[in-house]
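Colleague: These protein sequence lines are chains A and B, in that order.
Anchor point for the first sequence: position 300 equals 300 in the numbering used here, and the numbering is continuous, going up by one each time.
Anchor point for the second sequence: position 198 equals 198 in the numbering used here, and the numbering is continuous, going up by one each time.
Number of protein chains: 2
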Amino acid sequence: MSPTKHLANLDRRVLLSSLAMLPLFSASLRSKSALAQTQSDPLPSWNEGATKASILDFVARVTTQGGPFFVPVEQRIATFDNDGTLWIEQPMYVQLKTKQPFAAVLDGDMKALAASGEKGLVEIIAVTHAGMTTAEFEMITSDWLATARDHRFKRPYTELVYLPMLELLAYLRASGFKTFIASGGGIEFMRPWTERIYGIPPEQVIGSSIKTRFEMKDGASTLFRLPDINFIDDKTGKPIGINEHIGRRPIAAFGNSDGDLEMLQWATLGAPGARFGLIVHHTDAEREYAYDRHSHFGRLDVALDAAAVNNWTVVNMKNDWKRIFAFDQAGPPR
Amino acid sequence: MSPTKHLANLDRRVLLSSLAMLPLFSASLRSKSALAQTQSDPLPSWNEGATKASILDFVARVTTQGGPFFVPVEQRIATFDNDGTLWIEQPMYVQLKTKQPFAAVLDGDMKALAASGEKGLVEIIAVTHAGMTTAEFEMITSDWLATARDHRFKRPYTELVYLPMLELLAYLRASGFKTFIASGGGIEFMRPWTERIYGIPPEQVIGSSIKTRFEMKDGASTLFRLPDINFIDDKTGKPIGINEHIGRRPIAAFGNSDGDLEMLQWATLGAPGARFGLIVHHTDAEREYAYDRHSHFGRLDVALDAAAVNNWTVVNMKNDWKRIFAFDQAGPPR
Numbered sequence: 001m002s003p004t005k006h007l008a009n010l011d012r013r014v015l016l017s018s019l020a021m022l023p024l025f026s027a028s029l030r031s032k033s034a035l036a037q038t039q040s041d042p043l044p045s046w047n048e049g050a051t052k053a054s055i056l057d058f059v060a061r062v063t064t065q066g067g068p069f070f071v072p073v074e075q076r077i078a079t080f081d082n083d084g085t086l087w088i089e090q091p092m093y094v095q096l097k098t099k100q101p102f103a104a105v106l107d108g109d110m111k112a113l114a115a116s117g118e119k120g121l122v123e124i125i126a127v128t129h130a131g132m133t134t135a136e137f138e139m140i141t142s143d144w145l146a147t148a149r150d151h152r153f154k155r156p157y158t159e160l161v162y163l164p165m166l167e168l169l170a171y172l173r174a175s176g177f178k179t180f181i182a183s184g185g186g187i188e189f190m191r192p193w194t195e196r197i198y199g200i201p202p203e204q205v206i207g208s209s210i211k212t213r214f215e216m217k218d219g220a221s222t223l224f225r226l227p228d229i230n231f232i233d234d235k236t237g238k239p240i241g242i243n244e245h246i247g248r249r250p251i252a253a254f255g256n257s258d259g260d261l262e263m264l265q266w267a268t269l270g271a272p273g274a275r276f277g278l279i280v281h282h283t284d285a286e287r288e289y290a291y292d293r294h295s296h297f298g299r300l301d302v303a304l305d306a307a308a309v310n311n312w313t314v315v316n317m318k319n320d321w322k323r324i325f326a327f328d329q330a331g332p333p334r
Numbered sequence: 001m002s003p004t005k006h007l008a009n010l011d012r013r014v015l016l017s018s019l020a021m022l023p024l025f026s027a028s029l030r031s032k033s034a035l036a037q038t039q040s041d042p043l044p045s046w047n048e049g050a051t052k053a054s055i056l057d058f059v060a061r062v063t064t065q066g067g068p069f070f071v072p073v074e075q076r077i078a079t080f081d082n083d084g085t086l087w088i089e090q091p092m093y094v095q096l097k098t099k100q101p102f103a104a105v106l107d108g109d110m111k112a113l114a115a116s117g118e119k120g121l122v123e124i125i126a127v128t129h130a131g132m133t134t135a136e137f138e139m140i141t142s143d144w145l146a147t148a149r150d151h152r153f154k155r156p157y158t159e160l161v162y163l164p165m166l167e168l169l170a171y172l173r174a175s176g177f178k179t180f181i182a183s184g185g186g187i188e189f190m191r192p193w194t195e196r197i198y199g200i201p202p203e204q205v206i207g208s209s210i211k212t213r214f215e216m217k218d219g220a221s222t223l224f225r226l227p228d229i230n231f232i233d234d235k236t237g238k239p240i241g242i243n244e245h246i247g248r249r250p251i252a253a254f255g256n257s258d259g260d261l262e263m264l265q266w267a268t269l270g271a272p273g274a275r276f277g278l279i280v281h282h283t284d285a286e287r288e289y290a291y292d293r294h295s296h297f298g299r300l301d302v303a304l305d306a307a308a309v310n311n312w313t314v315v316n317m318k319n320d321w322k323r324i325f326a327f328d329q330a331g332p333p334r
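1. Out of A/E48, A/Q204, A/A135, A/V314, which has the shortest C-alpha to C-alpha gap to B/R249?
2. With C-beta atoms as the reference, is B/I200 less than 8 Å away from B/I77?
3. Please report how far the alpha carbon of A/E74 lies from the alpha carbon of A/D218, in whole angstroms.
4. If I'm right that A/K322 touches A/N47 with Cβ under 8 Å, what's the distance once you round it to whole angstroms?
5. Entirely within the segment 195-254 of chain A and at least 4 residues each: give me those alpha helix (DSSP H) ranges in chain order.
6. Going straight from the alpha carbon of A/A148 to that of A/M132, what length do you get?
7. Label A/E336 either buried or exposed according to how many other C-beta atoms from any shown protein chain fall within 10 Å of its C-beta, with 16 as the threshold for buried.
8. Can you give the Cα-Cα distance for A/S183 and B/R293, rounded to whole angstroms?
9. Measure the alpha-carbon distance for A/D41 versus A/A60 and round it to whole angstroms.
10. Do you know how far the Cα of A/L43 is from the Cα of B/T79?
11. Compare the C-beta of A/P68 with all C-beta atoms of chain B and state if any pair is closer than 8 Å.
12. What three-state label does DSSP hand B/A146 in the structure shown?
13. Is A/T64 buried or exposed, if buried means 16 or more other CB atoms sit within 10 Å of its CB?
14. If you check the beta carbons only, do A/T85 and A/V280 fall under 8 Å apart?
15. Rounded to the nearest angstrom, what separates B/A303 and B/E262 at their Cα positions?
16. Quick one: grab the DSSP three-state call for B/W87.
17. Among A/F177, A/V71, A/A267, A/F224, which has the Cα closest to the Cα of A/I242?
18. Name, in chain order, the residues that DSSP records as bridge partners for A/N316.
19. Would B/D260 be called buried (16 or more neighbouring beta carbons within 10 Å of its own) or exposed?
20. In three-state terms, what does DSSP make of A/D328?
21. According to DSSP, is B/T64 part of a helix, a strand, or is it coil?
22. Between the segment 226-241 of chain B and the segment 152-171 of chain B, can you find at least three pairs of beta-carbon atoms closer than 8 Å?
23. Taking the alpha-carbon positions, what's the B/D228 to B/A130 distance?
24. Any beta carbon of chain B sitting closer than 8 Å to that of A/M139?
25. Buried or exposed, going by whether 16 or more other CB atoms sit within 10 Å of the CB of A/M190?
26. Buried or exposed: A/I324, going by 16 or more other Cβ atoms within 10 Å of its Cβ?
27. Let me know if B/V205 comes out buried or exposed under the rule of 16 or more other beta-carbons within 10 Å of its beta-carbon.
28. Take B/G67 and list the residues in its own chain whose beta-carbon comes closer than 8 Å to its own, dropping the five residues that flank it on each side.
29. What does A/W46 pair with, by DSSP beta-bridge criteria?
30. List the residues of chain A whose Cβ lies closer than 9 Å to the Cβ of B/H281, in chain order.
31. Can you pull the chain B residues whose beta carbon is under 9 Å from the beta carbon of A/E203, in chain order?
32. For B/I77, list the residues DSSP reports as bridge partners.
33. Does B/S142 pass the burial test, meaning 16 or more other C-beta atoms within 10 Å, or should it be called exposed?
34. Check the Cβ of A/T239 against every Cβ in chain B and list those closer than 9 Å, keeping chain order.
35. Name the one or two DSSP bridge partners that B/V161 has.
36. Can you check whether the CB of A/P164 is closer than 8 Å to the CB of A/S45?
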């Protein structure tokens, strides 16, 4: 069971700041809410080393009251890419491949589609997933997620989330952060399950969207999904979407591909104070996948170069993560 | 001092749900956080009557665990219009009138502008307020708000907020609600001060916006404001913006004009469970203003008819509010 499951409905940022005001509090509450604070290691699935140390150092700096890098709790905003950062990169593609008429297109002309990148994918998905109300789409998404299985791992996609990142989300929230998703994926595709899986409520999810039309029908109000792109939350769209939704500049951002470059720049470059950028580098073909500069999806090229220049942390999945998925039982293969 | 000022940085929803788990808690914390819960009247500036009773009844129903209308805390979403609902309708217009070249336009051809409605105003403001970074615009807004005075009340606009509505916001949050603004006004105009004045953080503000462009300049990232409308958060735009930002249907909505009609429909019509709609009717020319069906700004016409049909609560400001502003010392003139 993921460490966020107990805590999904608690905003630890506020909880802990209020607990700090309490002279007494019960052991039972502490055992649930202050998990990551009271145990010796808030990131047990991370191997010791420079990567893990950089996270712990940053959090210590911004939470140390009176210190030179202290950040008030309401400004502790962290944004996470989803595909390839919190869970495997594949679902969006697989989702499409099982759906006609796009399966044929994909089988026949993968190169052209790959060349169009995430934007092309989002556009195709947008068109396929229009022509219904938002409530109907939510049901379709939930049904798909409950029944679909990954072709390699034979598991629901909601089990293909990275355990170390779940720990990181919980640790940041326990340290007063408000955690957001900023993903190229469809905003309404993610919202039905992000609270249950990541502890991130729908109102803290930013993503690509299609236009909707408000309609009154038989005395009931609906939003009808139209086959027109509203917003692509990728590349420069990420800082734009983050500003539109949050209205504050994040102090930490987490991604895995060139599509996350501008989000990391927005979080770390151009504003004062301690800032943190992190890139998940897929280096473990055995336990997950290995891809970077020449990948069609989730390509990591200029952002990897930028990481070196800007002192962003790069996670080497093979070396830095003891376990990748909650179902991994083995220790690190280092 | 407004009742929200002490509480601006606390999310009472979470705080109270966590306090419920505590066998012991300090008196000093209780006195601050559970203000509206422990005092006998959470809405002291509201006169007794059907209006106030409708609010208390709704909140009691959705918070009664095991009751037929109980709503889990994470689904207690309430959305508020701003101009004319939380503060006076005038600031946007006054803001414009003091700014050339639009002062001349306004003086010369008020009728044409009025005919274009809030959308026309938003467009003009958008164009005037482009050509700078988001950080620069935030400073201009903050400066304007600190120095500008209302022509009638001779006070900063942040004092021209409705005390009964501040009490209502605090009461809802103390009852587990997450409160959002959904305003036709500019999203970046509101965000610098909504947390301080209303206890609503930037990420819970929805509004009209212009497009921005991401730029890297001398190693720093900026968002540059462009003179193009991105989104008009008025009329059908309100449910669309609410869905885009929140991703859940509110169970309560609060407005004052025809521009809020669709938001109230979205909150109250077409989904199960207890729902609450409220319209602030400006009926007090002496203490504030009196306007409805024939007003140019904040026109309340079809929404007033819809209120009767849909059983929405209509606040008669003159009769229902003991005090309108925090600086009003007199009792009700009824």
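Glycine residues also receive a C-beta, built at the ideal position from the N, C-alpha and C atoms.
It should be emphasised that the depicted structure is a prediction, and the values quoted were computed from it without experimental measurement.
Modeller: Answer, in terms of the structure:
1. What you label residue 249 of chain B is simply residue 249 of the second sequence in a count that begins at 1. Answer by Cα proximity: A/A135.
2. What you label residue 200 of chain B is simply residue 200 of the second sequence in a count that begins at 1. What you label residue 77 of chain B is simply residue 77 of the second sequence in a count that begins at 1. No, these two residues do not count as a Cβ contact at 8 Å.
3. Your numbering for residue 74 of chain A matches position 74 in the first sequence. Your numbering for residue 218 of chain A matches position 218 in the first sequence. CA-to-CA, the gap between A/E74 and A/D218 works out to about 43 Å.
4. Here residue 322 of chain A refers to the residue found at position 322 of the first sequence. Here residue 47 of chain A refers to the residue found at position 47 of the first sequence. Indeed they touch by this definition, with Cβ atoms about 6 Å apart.
5. Counting only runs of at least 4 residues, the segment 195-254 of chain A fully encloses the following alpha helix (DSSP H) elements, listed from N- to C-terminal order: 237-245.
6. Taking the first residue of the first sequence as 1, we reach residue 148 of chain A at position 148. Taking the first residue of the first sequence as 1, we reach residue 132 of chain A at position 132. Looking at the backbone, the Cα of A/A148 and that of A/M132 are separated by about 21 Å.
7. Any answer about residue 336 of chain A is impossible in this case: the structure gives chain A only from 1 up to 334.
8. On the first sequence, position 183 is the one that residue 183 of chain A refers to. On the second sequence, position 293 is the one that residue 293 of chain B refers to. Here the alpha carbon of A/S183 sits roughly 44 Å from the alpha carbon of B/R293.
9. The residue labelled residue 41 of chain A in the question sits at position 41 within the first sequence. The residue labelled residue 60 of chain A in the question sits at position 60 within the first sequence. As the crow flies, the alpha-carbon of A/D41 is around 13 Å from that of A/A60.
10. As a working note, residue 79 of chain B is residue 79 in the second sequence. As a working note, residue 43 of chain A is residue 43 in the first sequence. Distance between B/T79 and A/L43, taken at the CA atoms: about 37 Å.
11. Sequence index remark: in the first sequence, residue 68 of chain A carries index 68 (1-based). Taking Cβ atoms only, chain B never reaches closer than 8 Å to A/P68, which makes this a no.
12. As a first step, residue 146 of chain B is located in the second sequence; it is residue number 146 there, counting from the start. Helix.
13. Indexing the first sequence from 1 puts residue 64 of chain A at position 64. With a threshold of 16 other beta carbon atoms within 10 Å, A/T64 falls short and is exposed.
14. Here the question's residue 85 of chain A lines up with position 85 in the first sequence. Here the question's residue 280 of chain A lines up with position 280 in the first sequence. A contact, by the Cβ cut-off of 8 Å.
15. Translated into the one-based positions of the second sequence, residue 303 of chain B becomes position 303. Translated into the one-based positions of the second sequence, residue 262 of chain B becomes position 262. B/A303 and B/E262 have their C-alpha atoms roughly 9 Å apart.
16. The residue you call residue 87 of chain B lines up with position 87 of the second sequence. Per DSSP, reduced to three states, the secondary structure at B/W87 is strand.
17. Position 242 of the first sequence, counted from the start, is the residue given in the question as residue 242 of chain A. For the residues A/F177, A/V71, A/A267, A/F224, the minimum Cα distance to A/I242 belongs to A/A267.
18. Counted from its first residue, the first sequence places residue 316 of chain A at position 316. DSSP lists A/H281 as partners of A/N316.
19. One-based indexing of the second sequence puts residue 260 of chain B at position 260. B/D260 comes out buried.
20. For this step, residue 328 of chain A is matched to residue 328 along the first sequence. A/D328: coil per DSSP, three-state reduction.
21. Walking along the second sequence from the start, residue 64 of chain B turns up at place 64. Looking at B/T64 - three-state DSSP - the assignment turns out to be coil, as it is neither helix nor strand.
22. Segments in contact, no.
23. As a working note, residue 228 of chain B is residue 228 in the second sequence. As a working note, residue 130 of chain B is residue 130 in the second sequence. Their backbone Cα atoms lie some 8 Å apart in a straight line.
24. For this step, residue 139 of chain A is matched to residue 139 along the first sequence. False, the Cβ-Cβ gap to chain B never drops below 8 Å.
25. Taking the first sequence and counting its residues from 1, one reaches residue 190 of chain A at position 190. Here A/M190 is buried, its C-beta having at least 16 other C-beta atoms within 10 Å.
26. Residue mapping note: residue 324 of chain A aligns to position 324 of the first sequence, counting from 1. Buried, because 16 or more other Cβ atoms sit within 10 Å of the Cβ of A/I324.
27. Here the question's residue 205 of chain B lines up with position 205 in the second sequence. By the 10 Å Cβ count, B/V205 comes out buried.
28. Mapped onto the second sequence, residue 67 of chain B falls at position 67. If you ignore the 5 residues before and after B/G67, its C-beta comes within less than 8 Å of the C-beta of R61, all in its own chain and listed in chain order.
29. Reading the first sequence from its first residue, position 46 is the one you call residue 46 of chain A. Beta-bridge pairing links A/W46 to A/W321.
30. For the purposes of this step, residue 281 of chain B is taken as the residue at position 281 of the second sequence. Under the 9 Å cutoff, chain A gives no residues; its nearest Cβ is about 22 Å from B/H281.
31. For this step, residue 203 of chain A is matched to residue 203 along the first sequence. Simply I77, K178, F180, E203, Q204, H245, I246, G247, R248.
32. Within the second sequence, numbered from 1, the residue matching residue 77 of chain B stands at position 77. Under DSSP, the beta-bridge partners assigned to B/I77 are B/K178.
33. Residue 142 of chain B sits at position 142 when you count from the first residue of the second sequence. In summary, B/S142 is exposed, with fewer than 16 beta-carbon neighbours lying within 10 Å of its beta-carbon over all protein chains present.
34. The residue you call residue 239 of chain A lines up with position 239 of the first sequence. A small fix is needed here, since residue 239 of chain A is Pro in this sequence, not Thr. Scanning chain B for C-beta atoms nearer than 9 Å to the C-beta of A/P239 yields T212, F214, S221, L223, reported in chain order.
35. The count along the second sequence starts at 1 and reaches residue 161 of chain B at position 161. Paired residue(s): B/W87.
36. What you label residue 45 of chain A is simply residue 45 of the first sequence in a count that begins at 1. What you label residue 164 of chain A is simply residue 164 of the first sequence in a count that begins at 1. At a Cβ-Cβ threshold of 8 Å, A/S45 and A/P164 count as neighbours.
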